[in-house]
Amino acid sequence: MLSHAENIDALIERIALCQSRGDAFFPIGIFPSYRHNKYLFYRRPDTNIFYTATIVFILNQVKGKVSAKSQTIIEHITARAIKNYPDFQNKDGLKTYNFWKTKPSKHFPNGSIFKHFDHFRIPDDIDDTALVYLTLPYSTEDTLWLKEKVKQHTHPPAPKGELNESQMGVYSTWFGKNMPIEHDVCALCNLMYLFEKHQLPHNEYDETVFAFLGEVILEEKYITDAFEVAHNYATTPLIIYHYARLLGDFEIPQLEVCREKLINKIKQLLDNELDTMNRVILETSLMKLDKNQRLTRTQNRTADRSEFRTARRTGQNSFTYFIAGLLSSYKNPILYFFAPFKITQMEWECEAHELALIVERTSEFAVKINNANSEVRSTD
82 MLSHAENIDA
92 LIERIALCQS
102 RGDAFFPIGI
112 FPSYRHNKYL
122 FYRRPDTNIF
132 YTATIVFILN
142 QVKGKVSAKS
152 QTIIEHITAR
162 AIKNYPDFQN
172 KDGLKTYNFW
182 KTKPSKHFPN
192 GSIFKHFDHF
202 RIPDDIDDTA
212 LVYLTLPYST
222 EDTLWLKEKV
232 KQHTHPPAPK
242 GELNESQMGV
252 YSTWFGKNMP
262 IEHDVCALCN
272 LMYLFEKHQL
282 PHNEYDETVF
292 AFLGEVILEE
302 KYITDAFEVA
312 HNYATTPLII
322 YHYARLLGDF
332 EIPQLEVCRE
342 KLINKIKQLL
352 DNELDTMNRV
362 ILETSLMKLD
372 KNQRLTRTQN
382 RTADRSEFRT
392 ARRTGQNSFT
402 YFIAGLLSSY
412 KNPILYFFAP
422 FKITQMEWEC
432 EAHELALIVE
442 RTSEFAVKIN
452 NANSEVRSTD
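In short: position in the sequence shown from 1, add 81, done, that's the working numbering.
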């Protein structure tokens, strides 16, 4: 059996092999992903920056925990990936980023229908922008500019006691002028991660965001209304995972009340969760949220079984990391009613990203094993 370090090395090598060398669908450095809707018998190669930036973010987060050999591979992956970022930058040169290429717009690439309709041409968004900023050496000054920019695309914070107070002042997902105000807690976690990384002082908008993020957990909306609070992620495990990334790396007093609730929910879900990739992200989340958590032998075996395969290839999963609701931006209540239904959504799959999630989980576990061994040696 390979050691955890050897598993990680092999997985990172495989991720590097997934990165495009340049073909008809994917430029050099992009990680191939595919959008699909099984109800419409639809599947297309999708050239987006989201998965590439997410993979680069995860790999650089674990870089300090892996071998020198894997660190070098991560550096090469990153260098190839970030060369694509300018193609997804705001069409007017602002420092915001889009899911798809912008100059010219390449929305729904490699398709036959949606790419011809301006309705499906999405504006820049906080999620892709935050991930790009987190994987480029953007300065604190640049991030302060972004913080002012996002304020321009949401409602001002509401006075205490006013109707819908909890969502007034929460940063919207979209930068576009003609898009409705939307709040996705996973995208907000990524944005606040960026702001916390640069240690930006909290303003009234940030406080409103933290209050909203706390409300979603304390009122269990992440369980009962996952699609409503996270249109592009829409599952309880994925919402937990994004909170765990934020709370695992930063102490945010306003959200500490959520930590124990999230830990307890993860343990409850792990007792019943059969989907392999959901287990991977839940176990990662547990280790990030509870630094003293000791994993079971079963969880150790899960990491070993994940060594050279993705759950998608085993046929054991229904895991989708990212979705797009084709009707979720409509204000018409009749159309919006159908937005949560799978037939009105696009789902994305990306093998390299699932491998990166397994690397993240295995590296977290390896750190815990090393820490436990150090404790044993210190008591001998």
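Ideal Cβ positions, reconstructed from N, Cα and C, are used throughout, including at glycine.
Only a predicted model underlies this, so the values are computations on that prediction, with no experimental measurement involved.
Could you have a look at residue i and say whether DSSP puts it in helix, strand or coil?
i	result
Gln152	helix
Trp226	helix
Thr235	coil
Asp206	strand
Asp265	coil
Met260	coil
Gly145	helix
Tyr115	strand
Met273	helix
Met427	strand
Ser220	coil
Thr177	coil
Thr443	helix
Thr365	helix
Thr254	coil
Gln170	strand
Glu388	Unreliable placement is indicated for Glu388, whose pLDDT of 42 sits below 50; no coordinate value is reported for it.
How close, in whole Å, do the beta carbons of residue i and residue j come, if the pair is a contact with beta carbons under 8 Å?
i	j	result
Asn448	Lys146	In the sequence as displayed, the identity of residue 448 is Val instead of Asn. So it is a contact: roughly 6 Å between Cβ atoms.
Asp127	Arg116	4 Å
Ile136	Phe106	With a Cβ gap of about 17 Å, Ile136 and Phe106 do not count as contacting.
Thr133	Asn165	7 Å
Cys270	His234	Not confirmed; about 18 Å, so no contact.
Ile298	Leu327	About 12 Å; that fails the 8 Å criterion.
Gly329	Leu370	6 Å
Leu215	Lys278	7 Å
Thr401	Glu430	7 Å
Ser399	Asp356	6 Å
Thr49	His85	Here the chain covers residues 82 to 461 and nothing more, so residue 49 does not appear.
Tyr252	Val290	6 Å
Ile362	Pro318	6 Å
Phe131	Phe403	7 Å
Thr365	Glu445	6 Å
His283	Ile262	No, His283 and Ile262 are not in contact; Cβ-Cβ is about 21 Å, not under 8 Å.
Following the continuous alpha helix (DSSP H) through residue i, name the residue where it begins and the one where it ends.
i	result
Tyr417	Pro414 to Phe418
Ala97	His85 to Cys99
Glu354	Neither: Glu354 is in no alpha helix (DSSP H) and is coded neither H nor E.
Considering only the alpha carbon of each residue, which of the options lies closest to residue i?
i	options	result
Lys176	Ser409, Met427, Phe331 and Asp206	Asp206
Ser220	Lys346, Leu281, Asp168 and Leu350	Leu281
Leu438	Leu327, Asn359 and Leu351	Asn359
Asn313	Gly250, Lys412, Thr425 and Gly329	Thr425
Ile158	Ala307, Lys172, Ala325 and Gly110	Gly110
Ala292	Thr305, Asn259, Ile333 and Ile203	Ile333
Gly295	Trp255, Met260, Asn259 and Glu341	Glu341
Thr153	Ile93, Asn88 and Leu215	Ile93
Leu275	Leu227, Trp255 and Ser253	Leu227
Asn141	Pro190, Leu436 and Glu156	Glu156
Gln100	Leu350, Ala160 and Ile450	Ala160
Ala325	Asp306, Lys346 and Met260	Lys346
Gly192	Pro204, Leu336 and Asn118	Asn118
Cys339	Glu301, Leu416, Leu363 and Trp429	Glu301
Leu217	Ala162, His264 and Gly257	Ala162
Phe331	Val266, Tyr417, Pro237 and Lys372	Lys372
Glu354	Thr316, Tyr120, Lys258 and Tyr417	Thr316
Pro421	Gln374, Val310, Glu337 and Ser366	Val310
Gln170	Thr210, Lys150, Ile96 and Ser148	Thr210
Lys423	Gln374, Lys258, Pro185 and Leu408	Leu408
Asp306	His283, Leu336, Glu288 and Val266	Val266
Lys24	Asp90, Met368 and Gln335	No answer is possible for residue 24: the residues shown for the chain start at 82 and end at 461.
Ile203	Ile450, Ala405, Val440 and Arg125	Ala405
Ser410	Gly257, Ala433, Phe138 and Ala97	Gly257
Asn129	Trp255, Pro261, Tyr120 and Thr183	Thr183
Where do the ends of the beta strand (DSSP E) carrying residue i lie?
i	result
Tyr123	Tyr123 to Asp127
Gly406	Phe403 to Gly406
key: Length-filtered (4 minimum) alpha helix (DSSP H) runs lying within the region 288-340   = 302-305, 307-310 and 317-330
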